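A.B. asks: Let me give you the structure first, and then I'll get to my questions.
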Amino acid sequence: MDVAEKSRRDQLAVVPEHNLAQPTAQEHDTAASTSGAGENICVLGARANNLVDVDVEIPKRKLTVVTGVSGSGKSSLVFDTVAAEGQRQFHETLPAFVRGFLPGRGRPDVDLIENLSAVVLVDQRRLGGGSRSTVGTITDIAPMLRMLFSRAGTPSIGQADAFSFNLPAGMCPRCEGIGEVVDIEMDRFLDPQRSLNEGALLAPAFKVGTWNWQIYGNSELFDADKKICDYTDAERELLLHKTVGSVPVDTPYGAINATYEGAAAKFRRLYIQKDSAEMAERTRQMAARFTTSMPCSDCGGSRFGPAARSVRVAGYGIAELSALESKELLTVLLGMELPAVAPVLEALITRVGHLVDIGLGYLTLGRRTDTLSGGESQRIKIVRQLGSTLTDLLYVFDEPSIGLHAHDVGRVTDLLQTLRDNGNTVLVVEHDRDVIVAADHVIDVGPGAGSDGGRVVFAGDVAALTDSETRTGRYLRIEPTLKDRVRTPTGWLPVTDAKIHNLRGFDVDVPTGVLTVVTGVAGSGKSSLIHGVFCAQHPEAVVVDQSAPTANRRSSTATYTGALDPIRQAFAKANGVSPALFSANSAGACETCEGTGVIHTDLGFLDGVTTPCESCEGRRFNKDVLAHRLDGASISDVLAMSIGQAAEFFAKNRKLAPILKSVVDVGLDYLRLGQPLTSLSGGECQRIKLATQLHKRGAVYVLDEPTTGLHMSDAARLLGVLDGLVDDRGATVVVIEHSLEVVAHADWVIDIGPGGGSAGGNLLFGGTPQALLDVPGSLTAQHLRRSLRG
Numbered sequence: 001m002d003v004a005e006k007s008r009r010d011q012l013a014v015v016p017e018h019n020l021a022q023p024t025a026q027e028h029d030t031a032a033s034t035s036g037a038g039e040n041i042c043v044l045g046a047r048a049n050n051l052v053d054v055d056v057e058i059p060k061r062k063l064t065v066v067t068g069v070s071g072s073g074k075s076s077l078v079f080d081t082v083a084a085e086g087q088r089q090f091h092e093t094l095p096a097f098v099r100g101f102l103p104g105r106g107r108p109d110v111d112l113i114e115n116l117s118a119v120v121l122v123d124q125r126r127l128g129g130g131s132r133s134t135v136g137t138i139t140d141i142a143p144m145l146r147m148l149f150s151r152a153g154t155p156s157i158g159q160a161d162a163f164s165f166n167l168p169a170g171m172c173p174r175c176e177g178i179g180e181v182v183d184i185e186m187d188r189f190l191d192p193q194r195s196l197n198e199g200a201l202l203a204p205a206f207k208v209g210t211w212n213w214q215i216y217g218n219s220e221l222f223d224a225d226k227k228i229c230d231y232t233d234a235e236r237e238l239l240l241h242k243t244v245g246s247v248p249v250d251t252p253y254g255a256i257n258a259t260y261e262g263a264a265a266k267f268r269r270l271y272i273q274k275d276s277a278e279m280a281e282r283t284r285q286m287a288a289r290f291t292t293s294m295p296c297s298d299c300g301g302s303r304f305g306p307a308a309r310s311v312r313v314a315g316y317g318i319a320e321l322s323a324l325e326s327k328e329l330l331t332v333l334l335g336m337e338l339p340a341v342a343p344v345l346e347a348l349i350t351r352v353g354h355l356v357d358i359g360l361g362y363l364t365l366g367r368r369t370d371t372l373s374g375g376e377s378q379r380i381k382i383v384r385q386l387g388s389t390l391t392d393l394l395y396v397f398d399e400p401s402i403g404l405h406a407h408d409v410g411r412v413t414d415l416l417q418t419l420r421d422n423g424n425t426v427l428v429v430e431h432d433r434d435v436i437v438a439a440d441h442v443i444d445v446g447p448g449a450g451s452d453g454g455r456v457v458f459a460g461d462v463a464a465l466t467d468s469e470t471r472t473g474r475y476l477r478i479e480p481t482l483k484d485r486v487r488t489p490t491g492w493l494p495v496t497d498a499k500i501h502n503l504r505g506f507d508v509d510v511p512t513g514v515l516t517v518v519t520g521v522a523g524s525g526k527s528s529l530i531h532g533v534f535c536a537q538h539p540e541a542v543v544v545d546q547s548a549p550t551a552n553r554r555s556s557t558a559t560y561t562g563a564l565d566p567i568r569q570a571f572a573k574a575n576g577v578s579p580a581l582f583s584a585n586s587a588g589a590c591e592t593c594e595g596t597g598v599i600h601t602d603l604g605f606l607d608g609v610t611t612p613c614e615s616c617e618g619r620r621f622n623k624d625v626l627a628h629r630l631d632g633a634s635i636s637d638v639l640a641m642s643i644g645q646a647a648e649f650f651a652k653n654r655k656l657a658p659i660l661k662s663v664v665d666v667g668l669d670y671l672r673l674g675q676p677l678t679s680l681s682g683g684e685c686q687r688i689k690l691a692t693q694l695h696k697r698g699a700v701y702v703l704d705e706p707t708t709g710l711h712m713s714d715a716a717r718l719l720g721v722l723d724g725l726v727d728d729r730g731a732t733v734v735v736i737e738h739s740l741e742v743v744a745h746a747d748w749v750i751d752i753g754p755g756g757g758s759a760g761g762n763l764l765f766g767g768t769p770q771a772l773l774d775v776p777g778s779l780t781a782q783h784l785r786r787s788l789r790g
C-alpha cells in the first residue's frame with residue numbers, strides 16, 4: 001500500500017468531508033478506535049459506473065443500509081464493488097477447473113478493499129429451476145420430508161429416494177414427476193355442433209377429405225351427416241378413443257381395409273407422445289393449438305408415485321403435507337410425536353418456521369419456483385441462509401422489502417438482525433423507511449442520480465441521518481398524510497365473480513377517472529384480482545408491469561422509447577446523408593467491434609477481458625459517421641447524454657421533445673440515451689414502459705408496484721405523474737401497491753385479505769383512504785393509522 005492510500009484509509013476513521021451531517025466528538029473517538037483494527041470493511045477509490053472515487057467504511061457485524069435516490073450509485077457501491085470483489089476473491093481460491101464452470105467475475109474498478117469477508121449475495125433475481133424445482137426442493141425442506149417418511153412411515157417402502165418425485169423410484173409413472181400432463185383440449189379439437197362432413201374434427205390432420213378423415217367419414221362406422229352432439233356415448237367413444245382393428249374405407253380407388261384408431265388416440269400418438277425434438281416447429285405449433293397442460297389424473301398433480309402416496313406418518317401422506325400451506329404444515333409438524341426421528345422433525349419444524357416467519361406462510365412446498373415473484377424469490381433465499389451457523393460472513397441484500405406489506409416488513413428486519421446477531425455483517429440496499437430505521441449504520445449515496453450522484457453524502461446512525469439535510473434525511477422527517485380532497489369517480493368498471501386462485505368469488509366495482517390503489521398482504525390475492533380477473537374482463541386496460549421490455553442485447557433507452565429514429569433523422573437532415581449511417585446496428589457501425597464499442601477476449605478459466613474498441617474508442621460508429629455533427633455534437637456524444645441533458649438539447653425538436661419529456665416525467669432523466677435495456681432494474685423497466693404509454697387519453701392504466709426500487713423522493717415524483725394522467729388526460733389509474741405513502745395519496749382503496757393464501761381472497765374494503773382507517777381486521781388500515789400518527 002502506498003503512502004497516499006494509507007493516508008486515505010486513516011482518514012476514513014471520520015465521516016467523509018462531504019457528509020452533510022457533522023459527526024459528534026464521540027463518533028470521532030469511536031471511529032478512531034476501530035479504524036485499522038479490522039472492525040470495518042474499508043473501500044478506497046471506488047469508481048464503478050458513476051461512483052466518484054468513493055472512500056467509505058462499512059462496520060463489521062452490524063446491519064448497514066445503503067440508500068439514496070434511484071440511480072445515485074448504491075448498487076454500484078454495494079454490488080458492483082463490494083460484493084463483486086468478495087465473490088471474485090472467493091472464486092480465486094478454487095481450482096482452475098472449477099472456475100471454468102463459474103460465471104466470470106472481473107476485478108471491480110476500485111483502488112483497494114480491506115477486511116472483506118466471504119460474501120453471500122441475496123439478490124432479486126427470480127428463482128428458475130424449471131418444472132422440477134419447487135419451494136420444497138429449493139429450501140431443502142423436501143429432502144428432510146423424504147427422510148422423515150423413509151424412517152418413520154408405514155408401510156416401509158425403502159430409502160428416501162422412494163419419496164422423490166425427481167427420481168424414478170418415487171415419481172408418478174404417467175407424468176414422470178411433473179404433476180401435469182399435456183393432453184387434448186377437447187373444446188378446441190372437436191366441434192359437437194358439426195357433423196364429420198361439416199368438419200367436426202378441427203385439427204388440420206383430420207380435415208375433410210384427408211386420409212385420416214376418410215377412416216371416420218367414409219367407413220361404415222358413422223353417419224357422416226350426423227352432428228357429433230347427437231352421437232350416443234358409445235359412438236363418441238368409438239370416434240375418439242377406441243381401436244378396433246381394420247375397417248373398410250371407400251376411396252376413389254376402391255374399397256380398402258384400413259387400421260382404425262380413434263381420432264383423439266391417433267392425435268396423442270402422433271403429436272403428444274412423440275418426441276418433440278423429432279417434430280418440425282410448425283408441427284409443434286399446430287399441436288399446441290389443440291392441447292393443454294392439466295393435472296395428472298393418476299397422481300392428482302402431486303407428482304408422487306403410488307407407492308410413495310401409500311405411506312403414512314402420523315396419518316398424513318407425503319403428497320398431503322406437500323400440498324399444505326406452510327403455516328398449516330407447521331401446525332401439523334408441531335403436533336407430531338416421533339421420538340425415533342426427533343432430529344429430522346426438529347429440522348423440519350425449524351425450516352418451515354422460517355418460511356412462516358418471513359411472511360411466506362401461504363406457499364406450499366409443491367409450488368414451482370419459476371412461479372415466484374422477485375420478492376418471494378429473495379425471501380426464499382433468505383430462508384436458505386437462516387439455518388447456517390457460520391459467522392463473520394458478509395450478507396448482501398437487494399431491497400428485501402420488495403413485494404412486502406408493511407405488516408411483513410418487520411419480519412424481514414427481524415431476520416436481518418438475527419443474521420447480524422449471529423456474528424455476521426449485513427449490508428442492505430433499501431428505500432423502505434422501516435428497514436432504514438432498523439439499521440445500525442446508514443450510508444446515503446447521492447446527492448442526485450447519474451452524473452449528479454456517485455458520492456457518499458452521509459455515513460452514520462439513523463438519528464443523525466434524520467437530522468441531516470440529505471434528501472433521505474428530509475424525507476425521513478416527512479410522515480404520510482391523507483389528501484385534503486379526493487377525486488369523485490366518473491363511472492365504474494365492474495368486476496364480477498372474482499374466483500381465480502384464492503379469491504372467494506366476490507364482486508367489486510373499480511372507479512374510473514381516479515387513482516385507485518389495490519392493497520393487502522403478500523399472497524392476499526391482489527395480483528389475482530387485477531391481472532387475473534380485472535384485465536380479463538376489461539382487456540382494454542394498459543398493463544405496465546416490471547417485466548423486462550422485449551428487446552435484444554443491442555436495445556437501448558433510445559431504441560425502446562422510439563427516440564432513436566427522430567435523432568437519426570435530425571442528424572441525416574443536418575448533414576444531407578442517409579439516416580442508416582447513424583445506426584450502430586447498420587451502415588454506420590464500426591467495422592472492428594461491429595457497433596458494440598468493446599472487444600471481448602475469452603481467457604478460458606481466467607476472467608475474460610473486455611476492452612474499448614481501439615478503432616472507434618468505444619464510440620460504436622466508424623470515423624466517417626463520427627465526423628458528422630448536429631449542433632456541435634456527434635451521434636456518439638448524443639447517445640452518451642442523459643435523458644435530462646438530451647431533453648434540453650432537443651427542446652425544439654417537435655417529434656423528439658415529447659418522447660424525452662415522458663421519460664423525464666417518470667423520473668428516469670438520469671438514464672443515458674444509449675444505456676442498454678439489460679442494465680435496467682425492474683422498477684426502471686416499469687417506468688420506461690409507462691413513459692411510452694403516457695400519450696393515451698382516457699386510458700385505463702394498471703401498474704404493479706410502481707414504487708419498487710424508488711427512493712421516497714422519487715416515489716413522490718411518480719405520484720405527480722399518476723396525478724397528471726388522471727387530471728390532464730382523464731385516465732383511470734389502478735395501482736397494486738404496498739407503500740403507505742401511495743395508499744394515503746389514493747382517491748380510492750380496494751383492500752384484499754385479511755391474510756395470504758387460504759387466509760386471504762376476501763374483499764375487505766372499497767372506499768376512500770379516510771374511510772379505510774375505521775375498518776376492523778384490515779392490516780392495511782392498522783399500519784396506515786400507525787404511519788399517520790407518526
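Just so it is clear: in the sequence shown, position 61 is 61 by UniProt numbering, and no numbers are missing. We treat Cβ as the ideally placed atom computed from N, Cα and C, and that holds for glycine. Keep in mind the model is a prediction, meaning the values are calculated, not measured.
(1) Tell me whether Lys60, by its Cβ, gets closer than 6 Å to a heavy atom of the ligand COA.
(2) Using the rule of at least 16 other Cβ atoms within 10 Å of the residue's Cβ for burial, across every protein chain shown, is Val56 buried or exposed?
(3) Figure out for me which residue from Ser451, Arg785, Arg379, Gly761 has the closest Cα to the Cα of Arg672.
(4) Report the rounded CA-to-CA distance for Glu376 versus Asp408, giving the unit in angstroms.
(5) DSSP puts Cys42 in a beta bridge; with which residues?
(6) Run the CB neighbour count on Val249, radius 10 Å, all protein chains shown included, and call it buried at 16 or more, exposed below.
(7) Should the segment 441-457 be regarded as contacting the segment 90-107, the criterion being three or more beta carbon pairs within less than 8 Å?
(8) Measuring only the C-alpha atoms, how far is Ala464 from Gly473?
(9) Can you list, in chain order, the residues of its chain with a C-beta nearer than 8 Å to that of Glu591? Leave out the 5 residues immediately preceding and following it.
(10) Looking at the structure shown, is Phe397 part of a helix, part of a strand, or coil, going by DSSP?
(11) Tell me which same chain residues have a C-beta within less than 7 Å of the C-beta of Ala152, skipping the five on either side of it?
(12) Any idea if Gln686 is buried or exposed, counting beta-carbon neighbours within 10 angstroms, 16 or more meaning buried?
(13) Can you tell me the Cα-Cα spacing of Val14 and Cys593, whole angstroms?
(14) Taking DSSP as the reference, what is the three-state secondary structure of Met286?
(15) Who are Pro204's beta bridge partners in DSSP?
(16) What is the C-beta distance between Phe267 and Leu239, in whole angstroms, given that I count them as a contact (C-beta under 8 Å)?
(17) Quick one: using the 10 Å Cβ neighbour count with 16 as the cut-off for buried, is Met1 buried or exposed?
(18) Can you name the start and end residues of the beta strand (DSSP E) that Ile228 belongs to?
(19) Can you round the beta-carbon distance between Leu763 and Val514 to whole angstroms, since I take them to be within the 8 Å contact cut?
(20) How close, in whole Å, do the beta carbons of Arg368 and Thr516 come, if the pair is a contact with beta carbons under 8 Å?
(21) Going by Cα to Cα distance, which pick from Leu476, Gln385, Asp467 is closest to Asp140?
(22) How many Å lie between Ser636 and Phe571 at the Cα?
(23) Would you list the residues sitting across from Phe621 in a DSSP beta bridge?
(24) Flag this pair as yes or no: are the beta carbons of Ala319 and Arg309 separated by less than 7 Å?
(25) Hey, could you find the ends of the alpha helix (DSSP H) Asn575 is sitting in?
(26) Which of helix, strand or coil does DSSP assign to Ile318?
(27) For Arg471 and Pro447, what's the separation of their Cα atoms in angstroms?
(28) Rounded to the nearest angstrom, what separates Lys226 and Leu196 at their Cα positions?
(29) Quick one: using the 10 Å Cβ neighbour count with 16 as the cut-off for buried, is Gln273 buried or exposed?
(30) What number of angstroms, rounded off, separates the C-alpha of Pro511 from the C-alpha of Arg485?
(31) For the segment 650-691, which segments carrying the alpha helix (DSSP H) assignment without a break, of at least 4 residues, lie completely within its bounds, in sequence order?
(32) In three-state DSSP terms, what is Ala37?
(33) Name the residue from Glu469, His241, Thr251 whose alpha carbon lies nearest to the alpha carbon of residue 792.
(34) Beta-carbon separation of Ala691 and Val666 under 7 Å?
(35) Helix, strand or coil: which one does DSSP assign to Ala21?
(36) Applying the criterion that 16 or more other CB atoms from any shown protein chain within 10 Å of the CB defines a buried residue, is Phe165 buried or exposed?
C.D. replies: According to the structure shown:
(1) Because no ligand of any kind appears in the structure shown, any question about the ligand COA cannot be addressed here.
(2) buried
(3) Ser451
(4) 12 Å
(5) Glu57, Glu114
(6) buried
(7) no
(8) 8 Å
(9) Ser615, Asn622
(10) strand
(11) Val313, Leu338, Ala340, Val341
(12) buried
(13) Any reading at Val14 needs caution, since the residue's pLDDT is 37, under 50, leaving its predicted position unreliable; the model's value is listed next. Taking the straight line from one Cα to the other gives about 46 Å.
(14) helix
(15) Pro204 pairs with nothing; no bridge assigned.
(16) Not really, about 12 Å apart at Cβ, beyond 8 Å.
(17) Low per-residue confidence applies at Met1: pLDDT is 48, beneath 50, and the placement is therefore not dependable enough to give any value.
(18) Unbroken run through Ile228: none, as it is neither H nor E.
(19) That belief does not hold up - the Cβ atoms of Leu763 and Val514 are roughly 18 Å apart, past 8 Å.
(20) Actually they are not in contact, since the Cβ atoms of Arg368 and Thr516 sit about 31 Å apart, beyond 8 Å.
(21) Gln385
(22) 11 Å
(23) Ala589
(24) yes
(25) 564-575
(26) helix
(27) 7 Å
(28) 7 Å
(29) exposed
(30) 16 Å
(31) 656-665, 682-691
(32) Caution applies to Ala37, whose pLDDT of 45 falls short of 50 and renders its modelled position unreliable; the value that the coordinates give is listed next. Three-state DSSP puts Ala37 in coil, outside helix and strand.
(33) This structure gives no information on residue 792, because the portion of the chain shown stretches from 1 to 790.
(34) yes
(35) Because the pLDDT of Ala21 is 39, which lies under 50, any placement of that residue in the model is unreliable, and the number read from its coordinates should be weighed accordingly. In the structure shown, Ala21 sits in coil (DSSP, three-state: anything other than H, G, I, E or B).
(36) buried
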